Amino acid sequence: MSTAPTPLWLLAELTYKCPLQCPYCSNPVDYATHGKELDTEDWIRVLTEARKLGAAQLGLSGGEPLARTDLEDIIREGRKLGYYTNLITSGIGMDEDRLDNFKVAGLDHIQVSFQASSEELNNWIAGTDSFQHKLDMAKAVKAAGFQMVLCFVTHRENIEQIDQMLDLSVQLNADYVELATTQYYGWAFLNRDVLMPTREQVIEAERQTNVFRDERMPSHMKTFYVVPDYFEKRPKPCMSGWGSLFLVVTPDGKALPCHAARQLPGINFPNVREHSISDIWHGSEAMNKFRGFEWMTEPCRSCSEKEKDFGGCRCQAYMFTGDPANTDPVCDKSPHHDLIDQAAKVSQKPTEKTIVFRNPKNSRRESITT
Amino acid sequence: MTNSTIERFPDSTLLALAPGYRFQWEEAQNCHVLMYPEGMVSLNDSSGEILKHVDGANSVADIISHLERQFPDADLGDDVRDFLAEAGNNGWVKPSTDDKANS
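If you read the protein sequences in the order shown, they are chains X and L.
Quick note: my numbering has the first sequence finishing at residue 400, numbered continuously throughout.
Quick note: my numbering has the second sequence finishing at residue 766, numbered continuously throughout.
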């Protein structure tokens, strides 16, 4: 077995444009100030080079990838290269004609997000009247013969609808259901005090999911419940380790080891306009920065669990402790663990803060103030 | 690893990959893989050889006889039946239906 890591997963963030304004978005808060989007040729080169390195799963995401008019071309090339192609979408910008085009282009699977199970709440969180169209598109996705994942990102405002979300998933004949508790990066971090569920809400939601699995889940369906890590004692094995199997390319061409790494200070993330994917993946300082175990500080360095969780999340370590090489403070062996506890407690109290929706105007305003 | 407690498919069952699953050779990993929405399994040599024959037209018995021709010295039948049972249990393969599903 070779020791050089393979970027099995390529996440192509095709655009930051999005008709929705979800306040839990993981995109960078300052996205509106980023540079020009890669063009079709750039993307096809990225796909080709990453495939040569062994990338096999291709996620097409954003923003809203449907905002790219060349999405069909990118899917076709991706499939031709041998990728398993996953479209990760809100459904807004989709219609039956486009779905037919995707089918012909060879798209393998579609993940449709809902913001809630009720129209009123969905449309409020999305900042857009989108619920009816999402319902129509979820039905059309199945009618066109695609495998469908439904994704619900949960937080304080919608987590009590878990039962109804699961019922909606059955009704729409989803093959997979992801109940993903908000992870606090990007816009979600900005809105953390408004989004954080209470511990009681989290426990109840997990209980309802388990009851669903035991009693009502159709045999063909699979559910994934992503736990909120602020309530954990061990960190998540973030990205299975930095530069291990996950490569993100942002709309403006930055290559990252995860969605959120761009915020880390002192790291010059290479741009695919200037470097080959091979040079970036194997040779760049950025991709090697926290690869493996050599970079670790205590308590990770001597920890028996380091090969299980890789020290957790570098971004979370940075956001809480100021140093991305520290142990993810979610770990209760971290000397900074009390910061996570505090954040979880503070965020559960009623707050004066109001929700900041993700849109270009707020992005520009927040990039000046932060 | 196979688990003999899982119920086997009858030898006459025609098997296909489950909808949304794709089986292909991956040069970089030097093995066959099964890919599905947002996931992938790398397969060992014998699993790869078995799944090669799961095409919607072969029955369990056909798959075994193909493999026995390929590997005449081995007595494969029960291992293949156990593996296919396990693959069915994982949701990788399904009995194929008459309506020719998506190719």
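Glycine included, C-beta positions come from ideal geometry on N, C-alpha and C.
Quantities reported herein were computed from a predicted structural model and do not represent experimental measurements.
1. Among residues of its own chain, excluding the 5 on either side of Y260 (chain X), which ones have a beta-carbon nearer than 6 Å to its beta-carbon?
2. If we require 4 or more residues per run, which alpha helix (DSSP H) segments fall completely within the region 220 to 308 of chain X?
3. If you run the structure through DSSP and keep just helix, strand and coil, what is A210 (chain X)?
4. So, do the region 184 to 194 of chain X and the region 315 to 331 of chain X have three or more beta carbon pairs nearer to each other than 8 Å?
5. Express the C-alpha separation of M703 (chain L) and P673 (chain L) in angstroms, rounding to a whole number.
6. What three-state label does DSSP hand S199 (chain X) in the structure shown?
7. Sorted by chain position, which residues of the same chain lie with C-beta nearer than 7 Å to W311 (chain X)'s C-beta, five sequence neighbours on each side aside?
8. Using a Cβ-Cβ cut-off of 8 Å, state whether D205 (chain X) counts as contacting chain L.
9. Suppose contacts are defined by Cβ-Cβ distances below 8 Å. Is R98 (chain X) in contact with L44 (chain X) by that definition?
10. So with CB distances below 7 Å, who are the chain X contacts of A691 (chain L)?
11. Can you check DSSP and say which residues form a bridge with Q162 (chain X)?
12. Indicate whether at least one CB of chain X lies closer than 8 Å to the CB of P700 (chain L).
13. With a threshold of 16 other CB atoms inside 10 Å of the CB of Q687 (chain L), please say whether the residue is buried or exposed.
14. Skipping 5 residues on each side, what residues in its chain have a beta carbon closer than 6 Å to that of R395 (chain X)?
15. With a threshold of 8 Å between beta carbons, is Y114 (chain X) in contact with chain L?
16. Quick one: what does DSSP say N116 (chain X) is sitting in, helix, strand or coil?
17. Contact check, M251 (chain X) vs A204 (chain X) under 8 Å by CB: the rounded distance?
18. For the ligand SAH, is there a heavy atom less than 7 Å away from the beta-carbon of E187 (chain X)?
19. May I have the straight-line CA-CA distance separating Q238 (chain X) from Q231 (chain X), to the nearest angstrom?
20. From P287 (chain X) to Q87 (chain X), what distance separates their C-alpha atoms?
21. Does any residue of chain X bring its CB to less than 8 Å from the CB of K763 (chain L)?
22. Quick one: which residues of the region 161 to 180 of chain X get their C-beta closer than 7 Å to a C-beta of chain C? List them in chain order.
23. Closest by CA to K169 (chain X), which one among X:W154, X:I140 and X:F350?
24. Using a Cβ-Cβ cut-off of 6 Å (strictly less than) and excluding sequence neighbours within five positions of K263 (chain X), which residues of its own chain qualify?
25. Between the alpha carbons of A218 (chain X) and P53 (chain X), how many angstroms are there, rounded?
26. Measure the alpha-carbon distance for E102 (chain X) versus S143 (chain X) and round it to whole angstroms.
27. With L77 (chain X) as the anchor, note down where its alpha helix (DSSP H) starts and where it stops.
28. What does the Cβ neighbour count give for G121 (chain X), buried or exposed, with the cut at 16 atoms within 10 Å?
29. Give the DSSP-derived three-state secondary structure of C694 (chain L) in the structure shown.
30. Between which two residues does the beta strand (DSSP E) holding C181 (chain X) run?
31. Considering R106 (chain X), what are the terminal residues of the beta strand (DSSP E) in which it resides?
32. Which chain L residues sit within Cβ distance under 8 Å of D244 (chain X)?
33. Just the chain L side, please: which residues come within less than 8 Å of D138 (chain X) by C-beta, in chain order?
34. I need the straight-line Cα distance from Q3 (chain X) to F161 (chain X), nearest angstrom please.
35. Does any CB atom of chain L fall closer than 8 Å to the CB of Q87 (chain X)?
36. How is I189 (chain X) classed by DSSP in three states: helix, strand or coil?
To lay it out plainly:
1. One-based indexing of the first sequence puts residue 260 (chain X) at position 230. For Y260 (chain X), where only same-chain residues beyond five positions count, the Cβ hits under 6 Å are I370 and A374.
2. 222 to 225 and 229 to 245
3. Sequence index remark: in the first sequence, residue 210 (chain X) carries index 180 (1-based). Of the three classes helix, strand and coil, the one that applies to A210 (chain X) here is strand, per DSSP.
4. no
5. Here residue 673 (chain L) corresponds to residue number 10 of the second sequence, with the count starting at 1. Here residue 703 (chain L) corresponds to residue number 40 of the second sequence, with the count starting at 1. Going from the Cα of P673 (chain L) to the Cα of M703 (chain L) covers about 27 Å.
6. Here residue 199 (chain X) refers to the residue found at position 169 when the first sequence is read from its first residue. Reduced to three states, the DSSP call for S199 (chain X) is helix.
7. Mapped onto the first sequence, residue 311 (chain X) falls at position 281. The residues are P37, L83, L277 and M317.
8. Locating residue 205 (chain X) in the first sequence gives position 175, where the first residue counts as 1. It does: the Cβ of D205 (chain X) has a partner Cβ on chain L nearer than 8 Å.
9. Reading the first sequence from its first residue, position 68 is the one you call residue 98 (chain X). Reading the first sequence from its first residue, position 14 is the one you call residue 44 (chain X). Yes, the pair counts as a contact, with Cβ atoms nearer than the cut-off.
10. Residue mapping note: residue 691 (chain L) aligns to position 28 of the second sequence, counting from 1. Those within 7 Å of A691 (chain L) in chain X are T36, L83 and G84.
11. Taking the first sequence and counting its residues from 1, one reaches residue 162 (chain X) at position 132. Per DSSP, none; premise fails for Q162 (chain X).
12. If you number the second sequence from 1, residue 700 (chain L) lands on position 37. Taking Cβ atoms only, chain X reaches closer than 8 Å to P700 (chain L), which makes this a yes.
13. Taking the second sequence and counting its residues from 1, one reaches residue 687 (chain L) at position 24. By the neighbour-count rule (16 or more Cβ atoms within 10 Å), Q687 (chain L) is not buried but exposed.
14. The residue you call residue 395 (chain X) lines up with position 365 of the first sequence. Counting only Cβ-Cβ distances below 6 Å, and skipping sequence neighbours, we find nothing.
15. The count along the first sequence starts at 1 and reaches residue 114 (chain X) at position 84. Cβ-Cβ to chain L under 8 Å: yes for Y114 (chain X).
16. The residue given as residue 116 (chain X) occupies position 86 in the first sequence. N116 (chain X): strand per DSSP, three-state reduction.
17. Position 221 of the first sequence holds residue 251 (chain X). Position 174 of the first sequence holds residue 204 (chain X). Rounded, the Cβ-Cβ distance is 7 Å, consistent with contact.
18. Only the bare structure without any ligand can be found here, which leaves the ligand SAH out of the picture.
19. Working through the first sequence from its first residue, we reach residue 238 (chain X) at position 208. Working through the first sequence from its first residue, we reach residue 231 (chain X) at position 201. The straight-line gap from Cα to Cα measures roughly 11 Å.
20. Along the first sequence, one-based indexing puts residue 287 (chain X) at 257. Along the first sequence, one-based indexing puts residue 87 (chain X) at 57. Distance between the alpha carbons of P287 (chain X) and Q87 (chain X) is about 15 Å.
21. Taking the first residue of the second sequence as position 1, residue 763 (chain L) is located at position 100. A caution first: K763 (chain L) carries a pLDDT of 42, below 50, which makes its placement in the model unreliable, though a value can still be read off. Cβ-Cβ to chain X under 8 Å: no for K763 (chain L).
22. The displayed structure is made up of protein chains X and L, and chain C is not among them.
23. Position 139 of the first sequence, counting from 1, holds the residue named residue 169 (chain X). Closest by alpha carbon: X:I140.
24. For the purposes of this step, residue 263 (chain X) is identified with residue 233 of the first sequence, where counting begins at 1. Excluding residues within five positions, the ones whose Cβ falls inside 6 Å are D362.
25. Translated into the one-based positions of the first sequence, residue 218 (chain X) becomes position 188. Translated into the one-based positions of the first sequence, residue 53 (chain X) becomes position 23. Cα-Cα distance, rounded: 6 Å.
26. Start at 1 with the first residue of the first sequence, and residue 102 (chain X) comes out as number 72. Start at 1 with the first residue of the first sequence, and residue 143 (chain X) comes out as number 113. Approximately 20 Å, taken between the alpha carbons.
27. Here residue 77 (chain X) refers to the residue found at position 47 of the first sequence. Residues T70 to L83.
28. Counted from its first residue, the first sequence places residue 121 (chain X) at position 91. Its Cβ being crowded by 16 or more others within 10 Å, G121 (chain X) is buried.
29. As a working mapping, residue 694 (chain L) is identified with position 31 in the second sequence. Three-state result, C694 (chain L): strand.
30. Counting from one through the first sequence, the residue named residue 181 (chain X) turns up at place 151. Q177 to T184 is the extent of the beta strand (DSSP E) around C181 (chain X).
31. The residue you call residue 106 (chain X) lines up with position 76 of the first sequence. From DSSP, R106 (chain X) is part of no beta strand (DSSP E) but of the alpha helix (DSSP H) over L101 to L111.
32. Residue numbering aside, residue 244 (chain X) sits at position 214 when the first sequence is read from its first letter. Neighbours of D244 (chain X) on chain L: none; closest Cβ ~18 Å, over 8 Å.
33. By one-based count along the first sequence, residue 138 (chain X) stands at place 108. Ordered by position in chain L, the residues that pass the 8 Å Cβ test against D138 (chain X) are G683, R685, M698 and P700.
34. Since the first residue of chain X shown is 31 and the last is 400, residue 3 (chain X) is not available in this structure.
35. Translated into positions along the first sequence, residue 87 (chain X) becomes position 57. It does; some Cβ of chain L falls within 8 Å.
36. Position 159 of the first sequence, counted from the start, is the residue given in the question as residue 189 (chain X). The answer is helix: DSSP assigns I189 (chain X) an H, G or I state.
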